Each structure stands twice: as structure tokens, then as C-alpha cells.
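Heads up: the structure comes next, in C-alpha cells.
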Amino acid sequence: MSSYQAIVKEGLWTKNAALVQLLGLCPLLAVTGSVVNALGLGLATLLVLTGSNLAVSLIRNKVSDVIRLPAFVMIIATFTTCTELLMKAYTYELFLILGIFIPLIVTNCTILGRAEAFASKNSPLPSVIDGLMMGAGFGAVLLVLGGLREVIGSGTLFANMDLLLGPVAANWEIQVLPWDSGLLIAVLPPGAFLITGLLIAFKNMIDKQLDQRRRANKPVVTGSKRVRTTGEIS
Amino acid sequence: MSSHDSIRSATSNASLLGIFALATAITLGMTYVLTRENIAAAQREVEARALAEVIESVPHDNSIIDDSFAVPEEDREILNVGDWLIHVARENDEPVAFILPTVAPDGYSGSIYMLVGIQTNGEISGVRVTSHAETPGLGDGIDLKKSDWITGFNGLSLQTLPEAAWAVRKDGGEFDAFTGATITPRAVVTQVKRTLDYYAANRERFIDIAETQSLNTSEVE
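Protein sequences appear in the order of chains W and S. Counted from 1, the first sequence has number 209 at position 208 by my numbering; the numbering is strictly sequential. Counted from 1, the second sequence has number 202 at position 178 by my numbering; the numbering is strictly sequential.
Right, here's the structure in full:
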């Protein structure tokens, strides 16, 4: 497996920011009441994460350890503020809904975490891919969570998508379940916790099954082949 | 490491950090300049739309968003607002309605921001909640996106509805509350009533201000 494939797999699945690393939970739980909110925050996070990964990777050899963190934080804050300004300029009404959570992307641990753990040690291209994939993995969880909460809580899917995508999306709203106000708990913060928990459990279940299948397929080697696996021969 | 060395490394780190700060400041400044006009236009559009909704039923021919005066300083506490604007709707230069900003301070989760459109005869032309943090599914029925409860104010005035009826049904008034949420509609009804009272007491004054303003602008033209 090439290293790029590994990066993709880690970002989307094995090191998924929301389901495995459990980072950035505050915005994750707070804004996923509907698909449009989730998509808006997901895209904003993806943008900031990719941009900051690229910038951090470009300067990684120029900053000493002493000023590394302040420099990273400055970069992340810049990208976040730029994203905020762009959202205000082009999707103002969505910005009004997401409100405080856009500036708070700065404090999303995923972003500083990737800057520290990946971008500061790798060249620009892998860093950008890592940013894209981590962002996509986080965004995908936001979307699934937003979709589930919207369907269970409000009975609709894709309501108000025009706030983000313009007039084209004005009629995208689907009435999935025949109720007006649904199961309230799904839209409230406790519902966000419950559904996130279920998603994590679901992911672990899939992993476990994959693991079992892999083990079942692997031929059992009989006889003894002794291989030294630890230590180095000098 | 000698003290000379450590001073040198501190200086070089500090200047590097300074260069970073400068670069980020320039990036931010450029983004700000590039988006400034778009943001102002977007804000204006949202505001203009909200204003238009509140006086939908009142024919007018002026640009409401540009026609305004500040809430008099001594009255700001009544409406719970700051240095905000009262907008005037006119037809043939005569004021036909005023749009008052007002805030209900006692919602279930904090303040509820509203616009109340009142025709010059004291009749409500429309009320809209512009911003709130009420519980989804319970209190957020005050938002027109969720239910049309708020349109129940249309056409009401102090003359058509007696004093005691300006309350939610649970308190002996005329207004429905939502299932499981009384506090939110109670806060809205109370504040709308308060705004109407305030308007009734200041009607002549507002019309005076609006007419002087219109004189001023026509002189300028």
C-alpha cells in the first residue's frame, strides 16, 4: 500500500477525527441539527484544515521548536478568519446560523493536531492530502449525524439547502417521515451525544467483523518458522 | 550556550515570529478588503428583507432601509435596545408605518430579538423574530420558519384587543402557547404589548420626527 493510500485510509477511517480520535466534538455536537448546518461547518473545517496543513508544511523547516506552536496557531487563526469573512460575504444567512462555531474552528483540536502530528513532519503534497482526507472524514461524520438528527428530529432531509448552495437547492427538501416536530431529543444536545455514540459503536462493529473475516481467511501456518521480530542486528 | 548565543537565538526567533505576524496580518487585511463590500451588501439585503416582511401589508414607496432615525436615548430601556434605528415607511412622503426594533429579555434561553411594524393608526402590520436561542421544537415556534404563530399579531391594536387579553391563554389572555413552552410566547407577547404602549405614547413625536426628516431630505435634493 502506497503512503498516499495509507493517508487516505487513515483520514477517512482508521484515524477518523470524529469517530476515533474524538476531536472537535464541540462543533460536531452543536451544529449537526440539520444537513445544511453540518455541510456548512464540514466544508469550513475542511478548508481551514487543508490550508493550514499546506502552510505549516511549507514553513516546517524554517521555524524552530521554540516558536513552532505560536506560528501554527497564527496560521490556523488566519485561515479561520479568512473562511469566516468568505462565508459572511457569500453565504451570509448560513453564517448567521452557524454563528460562533465558525470562529471556534480555531479551537478544533483536529486542526492543530494534524499540524503538529503530520504537516510539521511531511512535505506539502502529503500534508494537503492529509488535510483533505481528515477534513473529509470529519465532514462525512458531520453529514451522517446531521442527516440522522434531521430525519429523526424534524422528519425532513435537506431542508434549507439553498442557504448554502443558492436558489438551485431551494426545492431539495424531502419529507422523509410524516411528522412535524419529530422526536425532539434528536435535535437537542443529548440526542447528538446518543447518535454519535451509536455511530462510534457501529464503526467498531464493522471493524471487528472485518478483522474476524481477515483472520478466517488467513491460512494457518503450521510447523515452526522462527522469525526474529524484535531487536536489531548490529 | 553562552548568554551571547541565547540572546542571538531569542532575537532571531522573535524576528521570525514577527515576520509571521506581519504576513498573516497582510493576508487578513487583503481578505477583509476583498470581501468588505460583499459582506456589507449581504447584511443590507438580509436587513432589508426583514424590514419588508414586517410591513408587507402596508403599501409604501420609499426605501425603508435608508429612512430611519435612532431610538431616543431615554427610551432605549423600554425597548431593551441600544443605539438602534426605527425605520419609517412612507407613501407620497407621508409616514404610513414605523418599524421598531425591540428585545424580549426574558425568553427561555436569553433574549429574543424582534422587529415590530406598526401602522400610524396603531395597528400592528407584522412582527418578526430576527434572532433567538429558544429550544428547537418547543419554543422556536415563534420563528416564522417553524410555525405561523407570529402572524397572529397582524392587524391587532390596543383598540381592538383589551388590555387583559395581551397575554398567553394560560395567563387568561388571547394568545396560544406552544405545547411544553409557555415562557417563550409569554415573553414575546409581553414585549410586543410593551412596544405598542410605547408607540401609542410617542406616536405624535415619531410622526413629527419623520416629517421633519422628510423636509430635510427634500431640501437637500
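A virtual CB, placed ideally from N, CA and C, is assigned to each residue, including glycine. Note that the coordinates shown come from a computational prediction; the quantities given were computed from them, not determined experimentally.
So the alpha helix (DSSP H) residue i belongs to, where does it begin and stop?
i                       : result
threonine 46 of chain W : 36 to 59
histidine 28 of chain S : 27 to 78
serine 4 of chain W     : 4 to 10
leucine 113 of chain W  : 110 to 118
serine 81 of chain S    : Unbroken run through serine 81 of chain S: none, as it is neither H nor E.
alanine 206 of chain W  : The sequence as given places methionine at residue 206 of chain W; alanine does not occur at that position. That run of the alpha helix (DSSP H) goes 190 to 218.
serine 128 of chain W   : 125 to 155
alanine 31 of chain W   : 26 to 31
aspartate 85 of chain S : No alpha helix (DSSP H) contains aspartate 85 of chain S, which DSSP labels as neither H nor E.
leucine 164 of chain W  : 163 to 166
When you compare each of the options to residue i by their alpha carbons, which one comes out closest?
i                            : options                                : result
phenylalanine 139 of chain W : W/Glu11, W/Cys83, W/Tyr5, W/Val169     : W/Glu11
alanine 19 of chain W        : W/Gln176, W/Leu211, W/Ala193           : W/Ala193
isoleucine 106 of chain W    : W/Pro125, W/Ser128, W/Val74            : W/Val74
glycine 43 of chain W        : W/Leu133, W/Ile60, W/Tyr93, W/Ile201   : W/Leu133
isoleucine 207 of chain S    : S/Glu158, S/Leu168, S/Ile233, S/Asp167 : S/Glu158
tyrosine 91 of chain W       : S/Gly150, S/Arg60, S/Val153            : S/Arg60
phenylalanine 122 of chain S : S/Asp91, S/Asn116, S/Gly106            : S/Asp91
asparagine 62 of chain S     : W/Lys16, W/Tyr93, W/Thr79              : W/Tyr93
valine 112 of chain S        : S/Ala72, S/Ser30, S/Gly161             : S/Ala72
serine 47 of chain S         : W/Leu211, W/Ala78, W/Leu30, W/Phe119   : Checking the sequence shown, residue 47 of chain S turns out to be alanine, not serine. The option with the nearest alpha carbon to alanine 47 of chain S is W/Ala78.
alanine 160 of chain W       : W/Ser121, W/Leu95, W/Pro191, W/Lys204  : W/Leu95
leucine 13 of chain W        : W/Lys204, W/Gln213, W/Arg214           : W/Lys204
isoleucine 186 of chain W    : W/Lys63, W/Leu30, W/Leu50              : W/Leu30
Does the beta carbon of residue i come closer than 8 Å to any beta carbon on chain S?
i                            : result
methionine 75 of chain W     : yes
valine 64 of chain W         : yes
phenylalanine 139 of chain W : no
methionine 2 of chain W      : The pLDDT assigned to methionine 2 of chain W is 44, lower than 50, so where the model puts this residue is not dependable; a value taken from the coordinates is nonetheless given after this. No, no contact with chain S.
isoleucine 68 of chain W     : yes
tyrosine 91 of chain W       : yes
leucine 24 of chain W        : no
glycine 12 of chain W        : no
cysteine 83 of chain W       : yes
threonine 111 of chain W     : no
valine 188 of chain W        : yes
leucine 86 of chain W        : yes
leucine 164 of chain W       : no
proline 104 of chain W       : no
lysine 204 of chain W        : no
alanine 72 of chain W        : yes
leucine 149 of chain W       : no
threonine 79 of chain W      : yes
glutamate 174 of chain W     : no
leucine 29 of chain W        : no
glutamate 94 of chain W      : yes
leucine 199 of chain W       : no
Residue i CB to nearest chain W CB: under 8 Å?
i                            : result
isoleucine 63 of chain S     : yes
valine 120 of chain S        : no
proline 160 of chain S       : yes
leucine 20 of chain S        : Shown here, chain S extends from 25 to 245; a query on residue 20 of chain S therefore has no answer.
glutamine 11 of chain S      : Within the shown structure, residues of chain S are numbered from 25 to 245, placing residue 11 of chain S beyond reach of any answer.
aspartate 29 of chain S      : no
tyrosine 56 of chain S       : yes
valine 66 of chain S         : First, the amino acid is wrong: residue 66 of chain S is alanine here, not valine. Interface residue, yes.
threonine 206 of chain S     : no
alanine 45 of chain S        : yes
valine 216 of chain S        : no
leucine 52 of chain S        : yes
valine 192 of chain S        : no
valine 70 of chain S         : yes
asparagine 116 of chain S    : no
threonine 35 of chain S      : no
phenylalanine 177 of chain S : no
Check whether the Cβ of residue i lies closer than 8 Å to any Cβ atom in chain B.
i                      : result
leucine 124 of chain S : Annotation note: the requested chain B is absent from the structure, which comprises protein chains W and S.
Quick one: give me the first and last residue of the beta strand (DSSP E) that residue i is part of.
i                           : result
tyrosine 93 of chain W      : Segment 93 to 99 is the alpha helix (DSSP H) holding tyrosine 93 of chain W; no beta strand (DSSP E) there.
valine 153 of chain S       : 148 to 155
leucine 139 of chain S      : 134 to 143
phenylalanine 93 of chain S : 92 to 94
Sufficient close CB pairs (3 or more, under 8 Å) joining the stretch 213 to 231 of chain S to the stretch 141 to 151 of chain S: Three or more beta-carbon pairs drawn from the stretch 213 to 231 of chain S and the stretch 141 to 151 of chain S are found closer than 8 Å, and the two stretches are therefore classed as touching.
Completely contained alpha helix (DSSP H) runs for the stretch 99 to 126 of chain S, where each covers 4 or more residues: 100 to 103
Evaluate the contact criterion for the stretch 106 to 116 of chain W versus the stretch 142 to 161 of chain W: three or more CB pairs, one atom per stretch, below 8 Å. They do not touch, by the three-pair rule.
Decide if the stretch 54 to 62 of chain W is in contact with the stretch 206 to 222 of chain W; the criterion is three or more beta carbon pairs, one per stretch, under 8 Å apart. Judged by Cβ distances under 8 Å, the stretch 54 to 62 of chain W makes no contact with the stretch 206 to 222 of chain W, as fewer than three pairs qualify.
Considering only residues of the stretch 156 to 223 of chain S, which uninterrupted beta strand (DSSP E) runs meet the minimum length of 3 residues and lie entirely inside it, listed in chain order? none
Report yes or no: do the stretch 61 to 75 of chain W and the stretch 30 to 41 of chain S share at least 3 C-beta pairs separated by less than 8 Å? yes
Tell me whether the stretch 32 to 47 of chain W and the stretch 154 to 168 of chain W touch, counting them as touching only if at least three CB pairs, one residue from each stretch, are closer than 8 Å. yes
Please determine if the stretch 129 to 136 of chain S and the stretch 47 to 58 of chain S are in contact, where contact requires at least 3 C-beta pairs separated by less than 8 Å. no
Is there contact between the stretch 79 to 97 of chain W and the stretch 115 to 129 of chain W, where contact requires at least three CB pairs shorter than 8 Å? no
Sufficient close CB pairs (3 or more, under 8 Å) joining the stretch 163 to 178 of chain S to the stretch 99 to 108 of chain S: no
Tell me whether the stretch 185 to 205 of chain S and the stretch 151 to 165 of chain S touch, counting them as touching only if at least three CB pairs, one residue from each stretch, are closer than 8 Å. Touching, yes, given that three or more Cβ pairs across the two stretches are closer than 8 Å.
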